[in-house]
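Here the sequence shown stands for residues 14 to 355, where the numbers follow the numbering used here. Think of the CB as a built atom: it goes at the ideal place given N, C-alpha and C, for glycine as much as any other residue. All values reported here derive from a predicted model rather than from experimental measurement. Each remark here refers to the structure printed beneath this line.
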Amino acid sequence: MKRGGLIGIRLKELGQYNTKRSIIQFILKQDFMPKDKTISILEPSSGEGNFIVELKNNGYRNLTSYEVDKRYSYTGSIIGDFLKADVDRKFDLIIGNPPFTSVKLSKSYYGNSETEFRTRFIEMLFLEKSLKLMGENGLIIFIFPNRLFLDKKFNNILRLIYQKEFYINRIVDLPLNIFTNTDSTSSVLIVISRKKSGVFVNGHSVPIKEFLEDSNYYLYKDKSKFIDKHGISLGDLIEKISPPCGKIMITAGRLEDIKKKDPGFLAIVRNGNSSVGRFSLYDPSEYKFNECFYFYKIKNGYTGKVISLLGSKLYKDYIQLISKRTGSKSIRSVDLLKLSVK
Ligand SMILES: C[S@@+](CC[C@H](N)C(=O)[O-])C[C@H]1O[C@@H](n2cnc3c(N)ncnc32)[C@H](O)[C@@H]1O
Numbered sequence: 014m015k016r017g018g019l020i021g022i023r024l025k026e027l028g029q030y031n032t033k034r035s036i037i038q039f040i041l042k043q044d045f046m047p048k049d050k051t052i053s054i055l056e057p058s059s060g061e062g063n064f065i066v067e068l069k070n071n072g073y074r075n076l077t078s079y080e081v082d083k084r085y086s087y088t089g090s091i092i093g094d095f096l097k098a099d100v101d102r103k104f105d106l107i108i109g110n111p112p113f114t115s116v117k118l119s120k121s122y123y124g125n126s127e128t129e130f131r132t133r134f135i136e137m138l139f140l141e142k143s144l145k146l147m148g149e150n151g152l153i154i155f156i157f158p159n160r161l162f163l164d165k166k167f168n169n170i171l172r173l174i175y176q177k178e179f180y181i182n183r184i185v186d187l188p189l190n191i192f193t194n195t196d197s198t199s200s201v202l203i204v205i206s207r208k209k210s211g212v213f214v215n216g217h218s219v220p221i222k223e224f225l226e227d228s229n230y231y232l233y234k235d236k237s238k239f240i241d242k243h244g245i246s247l248g249d250l251i252e253k254i255s256p257p258c259g260k261i262m263i264t265a266g267r268l269e270d271i272k273k274k275d276p277g278f279l280a281i282v283r284n285g286n287s288s289v290g291r292f293s294l295y296d297p298s299e300y301k302f303n304e305c306f307y308f309y310k311i312k313n314g315y316t317g318k319v320i321s322l323l324g325s326k327l328y329k330d331y332i333q334l335i336s337k338r339t340g341s342k343s344i345r346s347v348d349l350l351k352l353s354v355k
């Protein structure tokens, strides 16, 4: 195999996307960064060493770092697999950009062994191990793929994190161009500690319960932008409710089957592709929806005001935004909500 080919494989399999220095400088300036320069710090996947250099530039000296690729031995990192390394101490701060990749780990360099998070996604394994290495008053600051919050299959990991009494204190959207050698990955910055708090998603506070029910952070993004000229936000008119219970959710909601449309309830399709943002009123006693939908109750009934707001471009955009999600089940076009609000 040609050298370029090998490097290409490494790049994908090892998630070798190094972080731009400017982004690291931005992270180190944030108020959650510990001010004490003597704290012990772990960088578990240091790559070309950008975090290490910037941490040192900021006066932090007590650094330990790992990197699996020996091409990066010049950084002074311990060359080895962090996931397999026997690390017998805890750290005040664990910071970095763990590898993330679409390559399946089981087919990759990192075997098949069972994990507590029950996942083969490498960044989740980095998080699992890092939680164990975090000191009692410690902090984890990671650049992380946003799929942890968008793809329902990771909800069990979020619940486990909270069960273990770790708290995700912040989730901050990062721009697309934060890596030196790829520009398309959607990432967030996460801050985790044992300090109990609500979750701050892009500056908005979200109660933990609500967050664990539905971690889709797009729900909270840019919320304030969606207020119409009369100062009424969609949130003033509708409130999110849990899916009505007591009925079996079928795997695809056949819209033709929704006979009666109750004016007080709104369902929004939330899964990928063209169905994102479609919505309908529904009858809670006869609904046939699956987990591809969000459910809302119209607070003060279905009035003309609500109708015109729901139909407006502003709220259509908002509905599209809150229903954005990746990785959930697809729904056939025949099952899409055809009803428009008249
Ligand atoms: C996304 S890059 C981040 C590099 C660096 N932290 C930065 O932000 O610039 C991930 C790095 O993790 C390394 N890596 C992948 N698997 C690893 C493992 N099991 N143990 C240690 N490092 C690993 C890759 O070689 C790659 O350099």
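Range of the contiguous alpha helix (DSSP H) that encloses residue i
{"i": "ILE245", "result": "Element bounds for ILE245: n/a, residue is neither H nor E."}
{"i": "MET137", "result": "135–146"}
{"i": "PHE224", "result": "221–226"}
{"i": "PHE104", "result": "That residue, PHE104, is in no alpha helix (DSSP H); its beta strand (DSSP E) goes 104–109."}
{"i": "PHE64", "result": "63–70"}
{"i": "ARG34", "result": "34–41"}
{"i": "LEU163", "result": "160–163"}
Straight-line Cα distance separating residue j from residue i
{"i": "ASN150", "j": "LYS103", "result": "10 Å"}
{"i": "GLU67", "j": "ILE36", "result": "10 Å"}
{"i": "LYS15", "j": "GLU226", "result": "Bear in mind that a pLDDT of 38 at LYS15, under 50, signals an unreliable position, so the model cannot answer this."}
{"i": "GLU80", "j": "GLY244", "result": "52 Å"}
{"i": "ASN169", "j": "LYS145", "result": "18 Å"}
{"i": "ILE174", "j": "PHE213", "result": "16 Å"}
{"i": "ARG34", "j": "ASN313", "result": "50 Å"}
{"i": "ASP99", "j": "LEU138", "result": "15 Å"}
{"i": "SER78", "j": "TYR307", "result": "43 Å"}
{"i": "ASP82", "j": "ILE92", "result": "7 Å"}
{"i": "HIS217", "j": "ILE181", "result": "13 Å"}
{"i": "ASP49", "j": "GLU56", "result": "17 Å"}
{"i": "ASP164", "j": "SER325", "result": "29 Å"}
{"i": "TYR231", "j": "SER90", "result": "36 Å"}
{"i": "ILE191", "j": "GLN38", "result": "12 Å"}
{"i": "GLY266", "j": "GLU252", "result": "Summary for GLY266: the model assigns pLDDT 47, below 50, so the residue's position carries little reliability; its value from the coordinates is reported in the next sentence. Each residue's alpha carbon lies about 22 Å from the other."}
{"i": "ARG23", "j": "TYR30", "result": "11 Å"}
Contact test: residue i Cβ vs ligand 1 heavy atom, cutoff 6 Å
{"i": "VAL100", "result": "no"}
{"i": "GLY28", "result": "yes"}
{"i": "PRO112", "result": "yes"}
{"i": "TYR79", "result": "yes"}
{"i": "GLY60", "result": "yes"}
{"i": "PHE157", "result": "no"}
{"i": "GLY89", "result": "no"}
{"i": "LEU173", "result": "no"}
{"i": "LEU68", "result": "no"}
{"i": "ASP44", "result": "no"}
{"i": "PHE213", "result": "no"}
{"i": "LEU202", "result": "no"}
{"i": "THR51", "result": "no"}
{"i": "LEU96", "result": "yes"}
{"i": "GLY109", "result": "yes"}
{"i": "PHE64", "result": "yes"}
{"i": "ASN194", "result": "no"}
{"i": "ASN71", "result": "no"}
{"i": "ASN31", "result": "yes"}
{"i": "ASP249", "result": "no"}
{"i": "ASP186", "result": "no"}
7 Å Cβ cutoff met for residue i and residue j
{"i": "SER59", "j": "ILE65", "result": "yes"}
{"i": "PRO112", "j": "LEU27", "result": "yes"}
{"i": "VAL201", "j": "ARG183", "result": "no"}
{"i": "LEU152", "j": "LEU187", "result": "no"}
{"i": "GLY277", "j": "ILE311", "result": "yes"}
{"i": "LEU41", "j": "ASN75", "result": "no"}
{"i": "LYS25", "j": "THR132", "result": "no"}
{"i": "GLU129", "j": "GLU141", "result": "yes"}
{"i": "ILE54", "j": "TYR85", "result": "no"}
Proximity to residue i [Cα-Cα], best of the options
{"i": "ALA280", "options": "TYR309, GLU252 and SER255", "result": "TYR309"}
{"i": "GLU61", "options": "ASP249, ASN194 and LYS326", "result": "ASN194"}
{"i": "LYS329", "options": "GLY277, SER255 and SER246", "result": "SER246"}
{"i": "GLU136", "options": "ILE156, ILE191 and GLY148", "result": "ILE156"}
{"i": "GLY110", "options": "PRO158, LEU96, PHE134 and LYS208", "result": "What sits at residue 110 in the sequence shown is Asn, not Gly. Among PRO158, LEU96, PHE134 and LYS208, the Cα nearest to that of ASN110 is on PRO158."}
{"i": "THR51", "options": "LEU140, SER321 and LYS69", "result": "LYS69"}
{"i": "GLY211", "options": "PHE179, THR32 and MET147", "result": "PHE179"}
{"i": "SER143", "options": "THR132, LEU96, ASP164 and PHE162", "result": "LEU96"}
{"i": "ASP249", "options": "LEU55, GLY216, LEU323 and TYR231", "result": "LEU323"}
{"i": "THR32", "options": "GLU252, LEU24, VAL185 and ASN63", "result": "ASN63"}
{"i": "PHE162", "options": "SER90, GLU223 and LYS83", "result": "GLU223"}
{"i": "ILE154", "options": "GLU129, ASP164, SER206 and SER199", "result": "SER206"}
{"i": "VAL185", "options": "ILE221, PHE134, SER199 and GLU252", "result": "SER199"}
{"i": "GLN176", "options": "LYS209, PRO47 and ILE191", "result": "LYS209"}
Limits of the beta strand (DSSP E) - the one that residue i falls within
{"i": "ASN169", "result": "Counting along the chain, ASN169 falls outside any beta strand (DSSP E), though it belongs to the alpha helix (DSSP H) covering 168–176."}
{"i": "ARG183", "result": "180–186"}
{"i": "LEU76", "result": "76–80"}
{"i": "SER86", "result": "That residue, SER86, is in no beta strand (DSSP E); it is neither H nor E in DSSP."}
{"i": "PHE213", "result": "212–214"}
{"i": "GLU10", "result": "Residue 10 is absent from the structure shown; the chain starts at 14 and stops at 355."}
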